[in-house]
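In the numbering used here, the protein residues as written are 36 to 301.
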Amino acid sequence: MKDILIAFILGIVEGLAEFLPVSSTGHLILVGHLLGFEDERAKTFEIVIQLGAILAITILYRERLVSLFNIKPILNKEKKFNAIHIVLGVFPPAIIAGLLLHDVIKTYLFRPNTVVIGLIAGAILMIIAERKKSEPTSYSLDDLTYRQALTIGLFQCLAVYPGFSRAGSTISGGLLSKASYKASSEFSFLIALPVMVGATGLDLLKNWNHLSVSDIPMFLVGFITSFVVAMLAVVTFLKWLEILGLTPFAYYRIVIAILFTIFVLL
36 MKDILIAFIL
46 GIVEGLAEFL
56 PVSSTGHLIL
66 VGHLLGFEDE
76 RAKTFEIVIQ
86 LGAILAITIL
96 YRERLVSLFN
106 IKPILNKEKK
116 FNAIHIVLGV
126 FPPAIIAGLL
136 LHDVIKTYLF
146 RPNTVVIGLI
156 AGAILMIIAE
166 RKKSEPTSYS
176 LDDLTYRQAL
186 TIGLFQCLAV
196 YPGFSRAGST
206 ISGGLLSKAS
216 YKASSEFSFL
226 IALPVMVGAT
236 GLDLLKNWNH
246 LSVSDIPMFL
256 VGFITSFVVA
266 MLAVVTFLKW
276 LEILGLTPFA
286 YYRIVIAILF
296 TIFVLL
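The following block contains the structure:
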């Protein structure tokens with residue numbers, strides 16, 4: 036029963052935080068530390084519940100994802116969201132996180148003290164992006180230019196540092212490149228999919244030996260919880276973002292980092 040409760044709690048954390056600018060990885064590490072769930076099995080569990088969040092985005096944006104296989108807009112040079120946007124947004128972080136730094140990051144940076152640094156650094160970026168943003172030139176995905184897609188992809192590279200947040204870095208990059216909240220956040224969701232699938236797939240292969248039949252109920256609860264909560268969180272977040280902007284999420288990150296440092300790390 037304890038494992039099921041832990042799975043439910045972490046599933047909620049993953050579902051809420053994966054596509055919000057607060058860092059799901061950072062929150063999973065911090066909450067896992069508080070729950071005493073930090074062994075090799077915990078690492079594999081985190082991979083499985085991330086797949087639940089991935090499935091949620093796949094279903095919510097299934098029509099957009101299917102449209103990426105249509106190459107007519109590219110051949111006709113139409114101003115429409117297409118596969119090239121995804122490639123430009125995914126290629127930089129995939130190379131840096133997937134090929135160059137993946138093992139180093141997993142080995143040395145997945146710790147509570149480094150996450151605290153990432154939470155604060157990401158919050159500062161978000162506040163700067165809010166203050167420096169100007170009138171958008173792209174209000175929807177179809178308005179995004181290739182340059183904006185590449186810029187957002189480069190900002191996604193910052194998310195390789197645990198606690199920095201993929202959504203926080205990419206949405207900040209979108210605002211700084213004159214994309215609207217809606218265009219920035221939806222593009223952030225879509226370019227997260229290939230990176231997350233690649234990273235979780237690689238991790239799952241490496242940690243497959245830590246799975247056992249007795250873990251199935253726990254992993255299933257975590258997966259389903261993450262999926263359902265992520266579905267609800269994404270829809271709600273898009274509405275909040277238009278009204279509140281990034282600043283409240285930035286302040287939340289700073290408060291969490293300070294509280295965790297005072298009551299846990301010191």
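Ideal Cβ placement from N, Cα and C applies to all residues, glycine included.
- A check of alpha carbon separations from residue 282 across 240, 256, 181 and 168 identifies 168 as the nearest.
- Put simply, the segment 206-224 touches the segment 158-176. At least three CB pairs are less than 8 Å apart.
- Under a 10 Å Cβ-count criterion, residue 161 is classified as buried, with 16 or more other Cβ atoms of the shown protein chains found around its own Cβ.
- Taking 4 residues as the shortest admissible run, the segment 214-276 contains the following complete alpha helix (DSSP H) segments, listed from N- to C-terminal end: 216-242.
- Following the DSSP letters along the chain, one finds residue 79 inside the alpha helix (DSSP H) bounded by residues 75-95.
- By the Cβ criterion, the segment 74-94 is in contact with the segment 252-264, since at least three pairs of Cβ atoms, one from each stretch, lie closer than 8 Å.
- Rounded to whole angstroms, the separation of the alpha carbons of residue 284 and residue 57 is 7 Å.
- In the structure shown, the three-state DSSP call for residue 59 is helix.
- Distance from residue 300 to residue 147 at the Cβ level is roughly 6 Å; contact confirmed, criterion being Cβ atoms closer than 8 Å.
- Taking the Cα of residue 183 as reference, the smallest distance to any Cα among 135, 154, 123 and 237 is reached at 123.
- Residue burial annotation: residue 41 is buried, with at least 16 other C-beta atoms found within 10 angstroms of its C-beta.
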